[in-house]
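Report on the following structure.
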Amino acid sequence: DAEKKKQAIRWDIFRSTGRFCHLDQILIWHPSYLQAWTRTSTALMRMSGPLPVSWRSYIALLAGSRHKCTYIMRMQAEQFLSHGGDEKWLINLENCPRKLRIFAPFAAILAHQPWRMTPSLVAGLVQAGSDSWTIAELVHAELVLATWAALCGVVFGCGCVADDEIDVDLLVGGREWVGGGEEEDFESPLDGVAEGGEEKEMVEALKRGKLEWDEDVSQDSVWQGCDAEGDARGALGRDEGEEEEEEEEEDEEEEEEYGKEEGEDAGEIGRKKAAELAKGITPQNPSQSKNEEPLPDEIARFIGENTIAHNDFEVRSRDYSFLHAADYNWKEHCYTIIQQSCGGSDVARFLDEQLDSIRKLTYRTFSGATDVDTDPFRQAVWHYVQRIQGIFYDDYDYREVNIFLGIPLKGFVKEVSCLPQNITRSSYEKTWSSSGLNLRPDERCHVCLIAMESRKLAMLLFGLRAISEYQMRS
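To convert, count from 1 in the sequence shown and add 1456; that's this note's numbering.
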């Protein structure tokens, strides 16, 4: 039965890792997904591959530091040391080999603004002399970074507490919001969750299997609400010809960047550009907020000067544009380059199975109702995250986002996928009490998992596309 299956999974993970951590205790709500996650993470972090095992843990630690996620940082610091990592690397990023130091700005950009990934940034790493990255190593590093940066959303969104058996003195404090570690507090449905109108309307819409549109409401006008605040920014304000023209201009600028400045190779140009972007110096963000609290030392030491943070994807930007899923996607492009780079392992297949697992995961229940087709709701979460990460699907009706995701839930999903470090217990409670949805804790976790996988895929689409374009130009 279901409980025996869960017990078998617990035992398998314990035999493999020596523990069943709090994250596993949360993911066991969804056994099939936990199995897929465990297979992927094991292959990615421990099995044969281009990068040394200790380097993988260090890159995962860097991913956690981007979101101030000390849960992941502690976990990966312990793994780093257990696989022979140099303790000095945990004191300061400057103690790492130059090869890792030049990767840090690249990692910061990919973690926070992946739509800024370009072939010139790739050139900065693969044309770095004796410290150059191979394409295979860079693909592997992107996989590790995307996996653990995205996982921060589940850690904060589900309230993971520190595992007592992990004791790494270098990493203390943090913002895990279930302060006392009382698991019962987390698992219990929160009081004050709204019941009635909004929830009933959504369940009825899901059971109907179709949505009833106001004929006077255009796709464009509904699309404009496809952000956390629900404001209208004219997201599709540019016509197709204008967008194509701007993309051509971007390609020309990128090609010019490859060949400009005598005496300075493409690698040096790429590293300079990465360093500038990673400091948060962009046309939309000339300086980081001066009101931000300084980072604790245990996090700041892994950030260094790479202080870039999340900025919303600007649909009218002349520095970047939407990635159309029809032009570059997982099945036709990402899977192939991963298979080529990590061919000695099953990473590509396991990642594919994990994506497939979350896209199909359903129990046909929703907020107490049974026999409900939740696909429209799950698709809305998935495509909303992809949209705010700069991915556009021509075959998805974005009106569904505003039907199934109210403003409070949009805000929560956006934080899970972009700013997980901002989630606190009080904000979590406020979100769900004002959402109009009385979802069980396991259903809320399901929302976080969809957002996490969608964000991870967005990072990989942009990151791997930059590598593919670099290869075509080289």
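Virtual Cβ for every residue (Gly too), placed ideally from N, Cα, C.
All figures in this text were calculated on a predicted structure; none of them were measured in a lab.
What does the alpha-carbon distance come out to for the pair residue i and residue j?
i	j	result
residue 1483	residue 1810	13 Å
residue 1552	residue 1466	36 Å
residue 1857	residue 1567	24 Å
residue 1739	residue 1544	Low confidence applies to residue 1739: its pLDDT is 43, below 50, so where it sits in the model is not reliable, and the reading given next is rough at best. Straight-line Cα distance between these residues: approximately 36 Å.
residue 1953	residue 1792	Missing from the structure shown is residue 1953; the chain here goes from 1457 to 1930 and no further.
residue 1578	residue 1546	26 Å
residue 1470	residue 1771	46 Å
residue 1529	residue 1758	10 Å
residue 1599	residue 1612	21 Å
residue 1896	residue 1819	13 Å
residue 1647	residue 1459	With a pLDDT of 32 at residue 1647, under the threshold of 50, the predicted position of this residue should be treated as unreliable, and no value is reported.
residue 1474	residue 1501	16 Å
residue 1538	residue 1863	44 Å
residue 1927	residue 1478	41 Å
residue 1715	residue 1725	Note that residue 1715 has pLDDT 48, beneath the 50 cutoff, so the model's placement of it is unreliable and the number below is only indicative. Their Cα atoms are separated by approximately 9 Å.
residue 1587	residue 1735	22 Å
residue 1912	residue 1721	32 Å
residue 1689	residue 1832	Note on residue 1689: pLDDT 34, under 50, position unreliable in the model; the coordinate value appears next. Going by the C-alpha atoms only, they are around 24 Å apart.
residue 1508	residue 1486	31 Å
residue 1910	residue 1481	22 Å
residue 1555	residue 1821	49 Å
residue 1564	residue 1777	19 Å
residue 1853	residue 1562	34 Å
residue 1883	residue 1569	24 Å
residue 1915	residue 1604	11 Å
residue 1532	residue 1920	24 Å
residue 1807	residue 1890	35 Å
Could you give the DSSP three-state label for residue i: helix, strand or coil?
i	result
residue 1590	coil
residue 1507	coil
residue 1451	What is shown of the chain runs 1457 to 1930, which leaves residue 1451 out entirely.
residue 1556	helix
residue 1822	strand
residue 1848	strand
residue 1568	helix
residue 1537	helix
residue 1780	strand
residue 1877	helix
residue 1615	coil
residue 1763	coil
residue 1524	coil
residue 1894	coil
residue 1773	coil
residue 1840	helix
residue 1547	coil
residue 1854	coil
Residue i lies in the alpha helix (DSSP H); which residues open and close that run?
i	result
residue 1828	Note, residue 1828: premise wrong, no alpha helix (DSSP H); not H, not E.
residue 1723	1722–1734
residue 1493	1487–1501
residue 1794	1791–1797
residue 1463	1458–1473
residue 1814	1803–1816
residue 1758	1753–1759
residue 1897	1897–1929
residue 1478	1478–1483
residue 1881	1881–1890
residue 1579	1575–1582
So residue i packs on residue j, CB below 8 Å; how close in whole Å?
i	j	result
residue 1873	residue 1520	Residue 1873 to residue 1520, Cβ: 16 Å. No contact.
residue 1823	residue 1894	5 Å
residue 1606	residue 1803	Not confirmed; about 16 Å, so no contact.
residue 1580	residue 1729	7 Å
residue 1525	residue 1877	7 Å
residue 1769	residue 1844	6 Å
residue 1868	residue 1887	4 Å
residue 1917	residue 1779	6 Å
residue 1575	residue 1929	6 Å
Is it the case that the CB of residue i approaches a heavy atom of the ligand MN more closely than 7 Å?
i	result
residue 1930	In the structure shown, the ligand MN is absent, as is every other ligand, since no ligand is present at all.
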